[in-house]
Amino acid sequence: MQVSLWIRQSWFNPILTWNKSEYGGMDQINIKANKLWIPDIYLYNNADANQDGALDRFKTKIVLSSNGRNMWLGPVLCTFSCKINVNFFPFDEQFCSMKFGSWTFDGYQVDVVKEADEGDIKKYVVNGEWDLIGIPAQRNEVIYVCCPQPYPDVTYTIHIRRRSKYYYVNMIVPCALITSLTLLSFFLPPDSGERITLVITNLLAMTVFMLIVAEIMPATSEVIPLISIYYTGIMFEVGLSLVATCLSLKCYYNNPSVAEIPAWVRIIVLNWLAKLVRVKIPPGLVKVIKKHFKEKAEAREEIEFERRSSVLPPTGRCGGGISWRTSAFSEGRSSHVSEAASTFGLPQLFNTCAHCLDTINEEQPTTDDSPPQNIPLSLEVSMKEMLLRQDNLLKNVRRLVSVVRENEANEIKREEWKLVAAVIDACFFWLFMVTLIISTLAIFLQAPSY
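Residue numbers (the UniProt record's numbering): 1 to 450.
Here it is, written out as structure tokens:
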């Protein structure tokens, strides 16, 4: 620390006394310092490389009084060492001591005492960075290893307090604003593509502020400054918000044909967390989801039914003739095919074919193992071709129905994933907002209140 002081030293020399009445009432005279004896007072914790801290080299004259009192006034620019405690930076107070005492005279020869309990600060020039609280003085006596005599000294402690308004405006408030902007990433639409960019930009801005703080603070590892703890915690929380944003985007853009929502996610996120953060699930989506599960169950039943009953028996498809042992269309099968065909605008061909086959069976009764008699070969061939064509049409209809159902199912899954992402965004928003508020208060409430 470097301070500009007005030093005032006074001592009594019984040899230099006179009767002022004998000298025309002269009470004081000014004499050069090299003409008188002066005490060797030094600044013990001097840190100026160009000076040794001696206070006996002033160029000013000494005021000598008739009673033997010597007064030596002189300005001096002192540079001394001071241990800085940056624990509560920028809300810190510093106590810097200046130790004055004789270097060669012990306490029995020169007794060093304080003139007042505090230093005079009436002429103090206000500093823009620090407030001067006071300069208390204290007299001490120290016995060193070399000598048994006590060595007195007077220690002035400069009590200063940092003005924190500058750091509020230029470091803390901008950091808080940048951090609050990170919360907006949970409100940005995922399709905008700017969510991760916003969080990374805020993280880089926090890094710049951290570098500025590191430049203005002394390099010390004894304590971690309060503002460094704040910046480190904020950077950690912004980094976690980046992870949360990536998780939300992963849910939003999840491929529904590959990843289906697990049951525990549907229970925890869509049921519990959605109610907790007051995210309303659209009633229409709930109905569609229930309808989807119902149709999915019906589709499984239909597939099982179709597996058990086929259009053509295996012997009829591979052999030359047609087996009439089993009817080509049962009532349940005809109804399913008819419904699928009407869905895509196909003619009621299958019911007609089934009706023709039933008519032929009624007109040509057969035994269980023998084919019908007196059926023209051309009718048999045409009927076989018609059944094969019908089978191909049925396969195409099934394929179309399967594609439509798959698209509808994927769309429902996609909407579910988007809803999960919306619930996660709301949860992370409230979680990070509460975390930021609590962490900020927990850090800055440690600072001393003045």
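Idealized CB from N, CA, C, for every residue including glycine.
Here E385 is not bridged, per DSSP, to any residue.
Residues of the same chain with a CB within less than 8 Å of the CB of F88, apart from the 5 flanking positions on each side, are P225, L226, Q446, A447, P448 in chain order. Proximity of the segment 141-161 to the segment 89-100 meets the contact definition, three or more beta-carbon pairs being nearer than 8 Å. E115 carries a coil assignment under DSSP once its states are collapsed to helix, strand and coil.
By the Cβ criterion, the segment 43-60 is in contact with the segment 75-89, since at least three pairs of Cβ atoms, one from each stretch, lie closer than 8 Å. Its Cα nearest to that of K114, the residue P136 stands out among P136, N255, S248. Boundaries of the alpha helix (DSSP H) harbouring G239: 226-252, taken from the DSSP string. Beta bridge pairing from DSSP links F80 with N46. Taking one beta carbon from each stretch, the segment 400-415 and the segment 253-260 have 3 or more pairs nearer than 8 Å; the two touch.
As summarised for the segment 148-180, the continuous beta strand (DSSP E) elements at least 3 residues long and confined to that stretch are 151-162, given in chain order.
If the five residues before and after Q149 are omitted, its C-beta is found closer than 8 Å to the C-beta atoms of D106, G107, Y108, I143, all from its own chain and listed in chain order. Per DSSP, E215 lies in no beta strand (DSSP E); the unbroken alpha helix (DSSP H) holding it starts and ends at 195-216. Residue state for K275 is assigned as helix, using DSSP reduced to three classes. Linking A421 to S180 through their CA atoms gives a straight-line distance of about 21 Å. Separation of S10 and Y166 (C-alpha to C-alpha, rounded to the nearest whole angstrom) is 42 Å. Cα atoms of K275 and C427: separation of roughly 11 Å, rounded to the nearest angstrom. E222 carries a coil assignment under DSSP once its states are collapsed to helix, strand and coil.
Taking the Cα positions, I443 is about 14 Å away from V434. Taking a 10 Å sphere around the C-beta of Q390, we find 16 or more other C-beta atoms and assign the residue as buried. Assigned with DSSP and collapsed to three states, P190 falls in helix.
A direct Cα-Cα distance of roughly 57 Å separates C146 from P174. Distance from D56 to I38 at the Cβ level is roughly 5 Å; contact confirmed, criterion being Cβ atoms closer than 8 Å. Taken through DSSP and simplified to helix, strand or coil, S257 comes out as coil. Remark: C-beta atoms of V86 and P218 approach each other more closely than 8 Å.
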